[in-house]
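Structure first, then comments.
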Amino acid sequence: MVTAGIHALAATFPDDVRTNDYWRQRYPEIVAAEQRWQQKKVRAKTQGHEVVEPGKLTDSLLFDATMAPYFGDPFHGAIERRLLRPGQSTTAMAVRAVREVLEVAHLPLSEVDLLISNSMFPDRVGSGDAAYIAKELEYEGGALNVDATCAGGLAAFLTGCAFVQSGQARNAIVVSSTHFSRAIEEKDPSALLTGDGASAFILSPVAAGAGLLGAKSVHTGNTCGGWFFDTAPDETETTVGGRKIRLGVTRTTMQAIRSSVGPYLRRCAEGALKAANVDLAEIKHFAFGTQTAWLADYSAKILGVPSERTLNIYPWYGNLGPASIMIGLHHAAALKKIRRGDLVLLYIFGGQAQASAAVFRWGDTQLGPLPPGVPNDLEAFERKGLQQ
Amino acid sequence: MDVIRTQIRQFILDEFLPGETEGNLQDHMSLRESGILDSLGLLQVITFVESRFNIEVGPLDAGDTNFGTIDRVVHFVAARL
């Protein structure tokens, strides 16, 4: 029986790095908010916290406990992020990512039968980037778009695996792109927390027992209404028709995340492990979506696994939305947290879409490089999160 | 309900209005429009009611319907006890 494995995996980022100083210099109210947060941290150290009684620690209260170090920080633990400039499109970033992964894989495009694009957000309202990417690459196979908000990258991965496993595609290329800087206004508090980037990977057949072993997805319908989307004039001049998709949060957004991520993680992880016929204890690395600085730690605590078996990329890139899951996986492998034969559990929550978990056995995956400025030493990489 | 109201009022006064005269915090006042609670403040109130009253606030329960005023918060909590 054939399963699907990751032949090659690349993480591609814009060149521009924006640090927190950018906002400190332009928005004095952010400086004031940071000062209030620092003062609160000092007070909390001396006054202590109300302790939740054992047995009453719900998933939501555990979320609060892992969020606590960042509560009040206007950057929520982000130190820097990489952003596309005006004039730079999501499609162009995706094309770059695909070219990089093809080069790493030494695979001719003629051997690829399917290209899947997941994009948050595409360069036009109403249709995705897949065919535009395909045209730019002069590729001749099939092309389709997958969307599941922040879970879109993993959804695209699972879709690609299905095509390869069924024999409908010899090889599939999946590219997951996040372009939040265009979708979120600079003065929106969410702009401080988000970044841009793309991951591209090639899925190919592997022998049974390797690659994707099992998965479980559940819809997140009870979070519908937690975010809003509309369109706005596009000042970056990178969209068709001059309108861009705009993303906003509501007063219920954080509560939607806080009360949902844990329960969905339990259901999806249990289902994926069962489908893969694998025990939790056999998982070597947990690739969790890192849409916040504390999600990797929180997710580890929910499952009762050591945080050392996760990787938090948030301090380097902010919230990377759907691209975060495979970029996190890429970085974990590049930093030697994952080796051939290791079992990996991937999980990410997508608001107003689905949450998914997958169990995967890591093989001989060709990796693209880490971006400039990011150390290839694990300790140096993880030290970023201590800079706040 | 008086006990619930007293505890919620005291939490809001202590956390968000230190030094304010108690009588100036009115139970029908919009907590958002008055500037008393921003998004993070709302999260603090939710955490407080969950841990103090041992209830759970659902994903989309956090809007103005249930947390818009002290009166609404009190009724929300009371309905779940």
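Protein sequences, first through last, are from chains A and B.
Everything in the first sequence is counted per the working numbering, starting at -3 for the first residue and increasing by one.
Everything in the second sequence is counted per the working numbering, starting at 41 for the first residue and increasing by one.
Glycine included, C-beta positions come from ideal geometry on N, C-alpha and C.
Taking the CB atoms as reference points, tell me whether residue i and residue j lie closer together than 9 angstroms.
i: arginine 247 of chain A; j: serine 56 of chain A; result: no
i: leucine 65 of chain B; j: arginine 49 of chain B; result: yes
i: leucine 110 of chain A; j: serine 352 of chain A; result: no
i: methionine 148 of chain A; j: alanine 165 of chain A; result: According to the sequence shown, residue 148 of chain A is glycine rather than methionine. The answer is no: Cβ separation not under 9 angstroms.
i: aspartate 12 of chain A; j: arginine 78 of chain A; result: yes
i: leucine 121 of chain B; j: alanine 102 of chain B; result: no
i: alanine 271 of chain A; j: lysine 183 of chain A; result: no
i: arginine 357 of chain A; j: glycine 207 of chain A; result: yes
i: glycine 346 of chain A; j: proline 99 of chain B; result: no
i: glycine 217 of chain A; j: glutamine 348 of chain A; result: yes
i: alanine 187 of chain A; j: methionine -3 of chain A; result: no
i: tyrosine 294 of chain A; j: leucine 58 of chain A; result: yes
i: glycine 364 of chain A; j: isoleucine 2 of chain A; result: no
Only counting the same chain, and skipping five residues up and downstream in sequence, which positions put a Cβ closer than 7 angstroms to that of residue i?
i: leucine 316 of chain A; result: Thr174, Gly191, Gly193 and Ile323
i: leucine 286 of chain A; result: Here the sequence assigns threonine to residue 286 of chain A, which means leucine is not the residue at that position. So the list reads Ala292, Asn308, Ile309, Tyr310, Ser320 and Gly324, once near-sequence residues are dropped.
i: aspartate 104 of chain B; result: Arg72
i: serine 74 of chain B; result: none
i: glutamine 84 of chain B; result: Glu55
Looking at C-alpha atoms only, which residue of the options is the closest neighbour of residue i?
i: cysteine 264 of chain A; options: A:Ala203, A:Val355 and A:Ala152; result: A:Val355
i: alanine 88 of chain A; options: A:Leu103, A:Asp125 and A:Arg77; result: A:Asp125
i: tyrosine 313 of chain A; options: A:Gly337, A:Ile112, A:Ser177 and A:Gly149; result: A:Ser177
i: aspartate 230 of chain A; options: A:Glu375, A:Asn141, A:Gly221 and A:Arg242; result: A:Arg242
i: valine 171 of chain A; options: A:Ser213, A:Phe117 and A:Gly217; result: A:Phe117
i: arginine 32 of chain A; options: A:Asp69, A:Leu105 and A:Gly300; result: A:Asp69
i: glutamine 34 of chain A; options: A:Val(-2), A:Phe67 and A:Glu304; result: A:Phe67
i: serine 79 of chain B; options: A:Ser115, A:Ile279 and A:Gln251; result: A:Gln251
i: cysteine 146 of chain A; options: A:Thr219, A:Tyr18 and A:Asn273; result: A:Thr219
i: threonine 54 of chain A; options: B:Gln47, B:Thr105 and B:Phe93; result: B:Phe93
i: lysine 380 of chain A; options: A:Tyr23, A:Ile75 and A:Pro10; result: A:Ile75
i: arginine 262 of chain A; options: A:Trp290, A:Val301 and A:Thr227; result: A:Val301
i: leucine 140 of chain A; options: A:Ser123, A:Glu134, A:Glu132 and A:Leu133; result: A:Ser123
i: alanine 277 of chain A; options: A:Gly217, A:Gly238, A:Val340 and A:Arg239; result: A:Val340
i: arginine 20 of chain A; options: A:Lys36, A:Tyr343, A:Pro185 and A:Leu366; result: A:Pro185
i: lysine 36 of chain A; options: A:Leu58, A:Arg22, A:Tyr18 and A:Pro65; result: A:Pro65
i: valine 236 of chain A; options: A:Pro367, A:Tyr128 and A:Leu80; result: A:Tyr128
i: isoleucine 86 of chain B; options: B:Asp67, B:Ile76, B:Met69 and B:Val113; result: B:Val113
Determine which residues share a DSSP beta bridge with residue i and list them.
i: arginine 357 of chain A; result: A:Gly207 and A:Leu339
i: lysine 212 of chain A; result: A:Ala353
i: histidine 175 of chain A; result: A:Asp192
i: proline 302 of chain A; result: Paired residue(s): none; proline 302 of chain A is not in a bridge.
i: valine 114 of chain B; result: Paired residues: none, contrary to the question.
i: methionine 116 of chain A; result: A:Thr174
i: tryptophan 223 of chain A; result: A:Val245
i: arginine 77 of chain A; result: A:Arg14
Can you find the residues in the same chain that come closer than 6 angstroms, C-beta to C-beta, to residue i, ignoring five residues on each side of it along the sequence?
i: alanine 4 of chain A; result: Val97, Val100, Ala101, Ile198 and Gln362
i: valine 108 of chain A; result: Gly137, Asn167 and Ile169
i: glutamate 132 of chain A; result: Val91
i: alanine 29 of chain A; result: Pro70
i: alanine 196 of chain A; result: Ala6, Ala93, Val94, Val97 and Val171
i: histidine 215 of chain A; result: Gln350
Enumerate in chain order the residues of its own chain whose CB-to-CB distance from residue i is below 8 angstroms, with the five nearest sequence positions on each side excluded.
i: phenylalanine 225 of chain A; result: Ile241, Arg242, Leu243 and Gly244
i: proline 82 of chain A; result: Glu231, Thr232, Glu233 and Thr234
i: threonine 15 of chain A; result: Ile75 and Glu76
Note to self: Does the segment 158 to 165 of chain A come into contact with the segment 274 to 285 of chain A, if we say contact requires no fewer than three beta-carbon pairs (one atom in each stretch) closer than 8 angstroms?
What the structure shows: By the Cβ rule, the segment 158 to 165 of chain A does not count as touching the segment 274 to 285 of chain A, because fewer than three pairs are nearer than 8 angstroms.
Next item on the list: Determine, using beta-carbon pairs with one atom in the segment 55 to 63 of chain B and one in the segment 103 to 119 of chain B, whether at least three such pairs fall under 8 angstroms.
Entry: no
Next item on the list: Count the C-beta pairs between the segment 329 to 336 of chain A and the segment 369 to 377 of chain A that are closer than 8 angstroms, then say yes if the count reaches three, no if not.
Entry: yes
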